[in-house]
């Protein structure tokens, strides 16, 4: 879908982005992760030509993005930025309608689209006539996302989309974001410096430092198979939590010893849940004796077990992965 | 109360001037708003040009208003057009600068979002930047508007009309009511616009669009109107300072005495000579000893019916000052009848055309009379000498100062350039100045203001006028007139010499005959 080949950006003789290549498959979410100055935002902005590359090429669906006027390209790509950049002189509805209006949609179609997006984002319909200054941070963020999705673009670029939110709202919106059905088939590139956000939202992570890609791969690969010392060091301080975060219950299943007393209440988990989130939820219950039920998307293949057995499985899987990497 | 009565009596003319005033200001503002916004927008797209262009536009604003009007005359002549151009240049800076900064100050995140979503530059400008910069742009328009209602009063000086006519005429004629009749409506107009624009500002996002569309329509109408109205008529045009037009001993009487049919416009005395030289007008009203008559190749038309009253120059002194320093009388006797018309004209010419300092010219003259000139005191002043704001008055004031310091123990300070007779007389009465050069005819008509029958009995005889003025000034105002200097600087009609010779015009009677022949 998106093919980036050897792009570089030079500002004042400094290689801000240095020969970067990657591909993003259709429907995939790629996270560009790195500290500030790593070149991740510049890389993102080259995808919709907000920043012209010094060298290299970018193709979308096989076509060179330089082949058409930048405005036409951008109309097909959703764009969400950290400060959201809602137009203060437009109502929520007018903000959401920005791209459809640029595309000359009919009025009916636009108002239907606004209504469905508000519903999708969990915003009340009467919010349509409010101005951005009357909204909370989380509401602004949702409107910003609705605006980017208004014309149903196949590609969405997000630059630190949750950066301006407080930690609690951010966590909540990240979860909602992940579960948004409209986003399931979107090809997305997301820039962040938040490691947990990267693991939570990314199918693959591209870790950048000083304009170069250090490693590109699944969250699991980055944690357990670091390509170099930089990658290892980057995750070092939060290593344990991250290991818990990248492993899902599904990853642990082969090692989980079943336990089924057949009695009492059970706590039910989707097998896609990370081990970290599972433990956090169990912590809240304080009762180690609770039974745990794990199932897949289709509610098939129920597995029953107990908290202590999960820990055993986690340690075994982790050991195997580390051994494999060495 | 006098003001109110005067205003009611002259309601028609005040209304007419208010309309002229509004018209000039509005047209200038419309052009400035449209072009100013356009220029401001262009500068945001060509940022390298912004510093030099905003600097250049800023220079117009630093040029004193009257000087700017002066620069207009050689290029655009006199009348409404140069006035509008000058006001336009004044209004440009606030509008251009506010448009430019207003657009640049739009939150970069908002601009990035707009561009990132696929807006073209024009869409960005129209949908995001201009709407968000509108409050700042409008503040610029409002500032410019209110400034221009004030500056437009000066346009009366280049024959563009407006409320300035009353103000300058009032200053010239020592008539406070007349000054107020111009100043009050001008101030009210400024307040009115400020109020209306403030109201618009509250709802500017909604109102700016209809306002700009309205401006554009008006702008087109103005162009049509100006093109249509510029077809000229074949009449001789005269430009006179407002004082001359409205004085009984000026054009009003002259018109009756010679049956003159002239189209007159008001012109600042300083700008008048340039205007006649550039053939903007054909006749101007000047003074017989003016140095520029020679410099601009003008001809004085003979006053063959002896219409103009005598204007013999003499120092006018506060009574209190003369009682304290009686030696002043003796000092000025030294100058009695010492300066002829030609000599005074020559001195004016030295200053106006050879650009010499009035003080140097005055000193040379005194020296040529064999008088002492070397003493030049500084320090605590005993008396203050004033002058009016034209060359001859400056030279005479300097001459008086040198004379007083050389022939008495008094130290002199100079307070020069009061605009108009009224300001000098007020300064003299208030003790701000102790003496200044004045003319017998001016004293008669503006200070004493005798009834018509007395005036008629005096006006032909220069000695009678002087003695009558001297006596009445002492009795009514405690002002003393010292010995006349000798020359008579009376009013005169001036034409381009070439033009006058071509049509055989030597006297005012010839002029009257010539005009009649044109109209036949």
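Protein chains in written order, with this note's numbering: chain Y, 1 to 326; chain Z, 1001 to 1520. From the three backbone atoms N, C-alpha and C, an ideal C-beta is built for every residue, glycine too.
Review point. Buried or exposed: where does residue 1015 of chain Z fall if 16 or more other Cβ atoms within 10 Å of its Cβ makes it buried?
Key: When all chains shown are included, residue 1015 of chain Z counts as exposed.
Check your understanding: Bridge partners of residue 1495 of chain Z, per DSSP?
Key -> Z:1283, Z:1299
Review point. Would a C-beta distance cut-off of 8 Å place residue 216 of chain Y and residue 22 of chain Y closer than the cut-off?
Key: yes
Review point. Looking at residue 1298 of chain Z and residue 1495 of chain Z, is the spacing between their C-beta atoms short of 8 Å?
Key: yes
Exercise for review: Could you tell me which chain Y residues have their CB closer than 7 Å to the CB of residue 1205 of chain Z, listed as they occur along the chain?
Suggested key: Correct list: 89.
Point to revise | Residues from the segment 78-106 of chain Y in contact with chain Z, defined by Cβ distance under 9 Å | key: 78, 79, 80, 81, 82, 83, 84, 85, 86, 87, 88, 89, 90, 98, 99, 101, 102, 103
**Study point:** Cβ pair residue 189 of chain Y, residue 44 of chain Y closer than 8 Å
**Key:** yes
**Study point:** Where residue 197 of chain Y meets chain Z, residues with beta-carbon distance less than 8 Å
**Key:** Result: empty, since nearest Cβ-Cβ is about 20 Å, beyond 8 Å.
Practice item. Using alpha carbons as the reference points, say which of Z:1115, Z:1468, Z:1084, Z:1095 lies closest to residue 85 of chain Y. Key: Closest by alpha carbon: Z:1115.
Exercise for review: Starting from the C-beta of residue 1146 of chain Z, find all residues in its chain whose C-beta is less than 7 Å away, skip the five residues before and the five after it, and write them out in chain order.
Suggested key: 1190, 1193, 1194
**Study point:** Near-chain Z residues of the segment 60-74 of chain Y - C-beta to any C-beta below 7 Å
**Key:** 71, 74
**Study point:** Stretch pair the segment 1461-1473 of chain Z + the segment 1490-1510 of chain Z: three plus CB contacts closer than 8 Å
**Key:** no
Check your understanding: What residue from Z:1373, Z:1236, Z:1413 has the CA that sits closest to residue 1382 of chain Z's CA?
Key -> Z:1413
**Study point:** Cα-Cα separation, residue 1529 of chain Z to residue 1102 of chain Z
**Key:** For chain Z, the structure presents residues 1001 to 1520; residue 1529 of chain Z sits outside this window and is missing.
**Study point:** Residues that residue 48 of chain Y contacts on chain Z, provided the C-beta gap is smaller than 7 Å
**Key:** Correct list: 1116.
Review point. In terms of DSSP beta bridges, what is residue 208 of chain Y paired with?
Key: Y:213
Review point. Should residue 1284 of chain Z be flagged as near chain A, meaning a C-beta pair shorter than 8 Å?
Key: Among the protein chains in the structure shown, which are Y and Z, there is no chain A.
Review point. For residue 1138 of chain Z, which beta-bridge partners are listed by DSSP?
Key: Answer is none; residue 1138 of chain Z lacks a bridge partner.
Review point. Rounded to a whole number of angstroms, what is the C-alpha to C-alpha distance between residue 1324 of chain Z and residue 1005 of chain Z?
Key: 41 Å
Review point. From this set, Z:1363, Z:1240, Z:1423, Z:1368, which residue's C-alpha is nearest residue 1389 of chain Z's C-alpha?
Key: Z:1423
Check your understanding: Along the segment 1038-1063 of chain Z, what residues have a CB closer than 9 Å to any CB found in chain Y?
Key -> none
Exercise for review: Using a cut-off of 7 Å between C-beta atoms, extract the partners of residue 1131 of chain Z located in chain Y.
Suggested key: Going along chain Y in sequence order, the residues near residue 1131 of chain Z (Cβ under 7 Å) are 89.
Practice item. Answer with yes or no whether the minimum CB distance from residue 1233 of chain Z to chain Y is below 8 Å. Key: Note on residue 1233 of chain Z: pLDDT 48, under 50, position unreliable in the model; the coordinate value appears next. So no, residue 1233 of chain Z is outside the interface.
Review point. Taking the DSSP output, what are the residues bridged to residue 1384 of chain Z?
Key: Z:1413
Check your understanding: Is residue 1399 of chain Z helix, strand or coil by DSSP?
Key -> Taken through DSSP and simplified to helix, strand or coil, residue 1399 of chain Z comes out as helix.
Check your understanding: Just how far apart, CA to CA, sit residue 323 of chain Y and residue 317 of chain Y?
Key -> 10 Å
Exercise for review: Identify the contact partners of residue 1075 of chain Z in chain Y, using a Cβ-Cβ distance below 7 Å as the criterion.
Suggested key: Simply none; closest approach about 43 Å.
Check your understanding: What residues in its chain sit with their C-beta under 6 Å from that of residue 3 of chain Y, if we drop five residues either side in the sequence?
Key -> 23, 59
Exercise for review: Use the C-beta contact count for residue 1440 of chain Z: other C-beta atoms within 10 angstroms, 16 or more gives buried, fewer gives exposed.
Suggested key: buried
Check your understanding: Starting from residue 1111 of chain Z and walking both ways along the alpha helix (DSSP H), at which residues does that stretch end?
Key -> 1108-1116
Check your understanding: Going by Cα to Cα distance, which pick from Z:1516, Z:1492, Z:1029, Z:1514 is closest to residue 1269 of chain Z?
Key -> Z:1492
Check your understanding: According to DSSP, is residue 1232 of chain Z helix, strand or coil?
Key -> Its pLDDT being 47, under 50, residue 1232 of chain Z is placed unreliably in this model, and the value from its coordinates should be taken loosely. Coil at residue 1232 of chain Z, not helix or strand.
Practice item. Please report how far the alpha carbon of residue 92 of chain Y lies from the alpha carbon of residue 82 of chain Y, in whole angstroms. Key: 18 Å
**Study point:** Sequence-distant residues of the same chain with beta carbon closer than 8 Å to residue 1307 of chain Z, five excluded per side
**Key:** 1253, 1254, 1257, 1258, 1508
Exercise for review: Specify the secondary structure class of residue 294 of chain Y as computed by DSSP and reduced to three states.
Suggested key: strand
Review point. For residue 147 of chain Y, which of helix, strand or coil comes out of DSSP?
Key: helix
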